[in-house]
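Following this note's numbering, the numbering of the sequence shown begins with 792 at its first residue and continues without gaps. Positions of the beta carbon are idealized from the N, C-alpha and C atoms, including for glycine.
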Amino acid sequence: MLERLFTPGSIGNLELPNRVVMTAMHLNYTPGGKVSDRIVAFYEERARYGLGLAIVGGCSIDDYSGSPDMLSLKEDCDKEGLKRFTDAVHKAGGKICAQLYHAGGYAHSFF
């Protein structure tokens with residue numbers, strides 16, 4: 792049974808090197824919502840040692856949800872850091888995706 796864990800798989804069109812998936816968690820490694828060397832190194836190392844897919848947790852989608860230190864996906868200026876992040880994980884052999892976060896009823900509202 793464990794042999795299958797280490798065989799390639801897919802989710803839709805996304806081809807995975809294996810079926811090992813790390814679920815989302817917020818690490819507080821993104822000060823001000825920006826990609827840091829620390830978060831890149833954390834996920835890059837896991838991919839290098841065999842992680843097939845990493846789900847990055849707590850990614851803020853707007854100014855009304857999340858906390859200041861959640862990874863930001865809301866601004867064009869975030870793209871460069873996010874590309875560096877994903878490129879590092881891909882180069883190490885893994886895949887990466889984001890858990891989009893909205894605080895729902897706990898979000899700050901402009902209403």
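Check	Outcome
As a quick exercise: from L818, R795, P799 and G800, pick the residue whose alpha carbon is nearest that of V847.	L818
Output the boundary residues of the alpha helix (DSSP H) element that contains V880.	K870 to K882
Where does V826 fall in DSSP's three states?	coil
Quick one: using the 10 Å Cβ neighbour count with 16 as the cut-off for buried, is E794 buried or exposed?	exposed
Is DSSP giving E835 helix, strand or coil here?	helix
Can you name, in chain order, every residue of its own chain whose Cβ lies under 6 Å from the Cβ of Y834, other than the five neighbours on each side?	A845 and V880
Taking the C-alpha atoms as reference points, what is the distance between G849 and M792?	32 Å
Along the alpha helix (DSSP H) that carries E794, what are the first and last residues, could you check?	L793 to L796
Can you give me the Cβ contacts of C888 inside the same chain, cut-off strictly under 6 Å, excluding the 5 residues immediately before and after it?	I846
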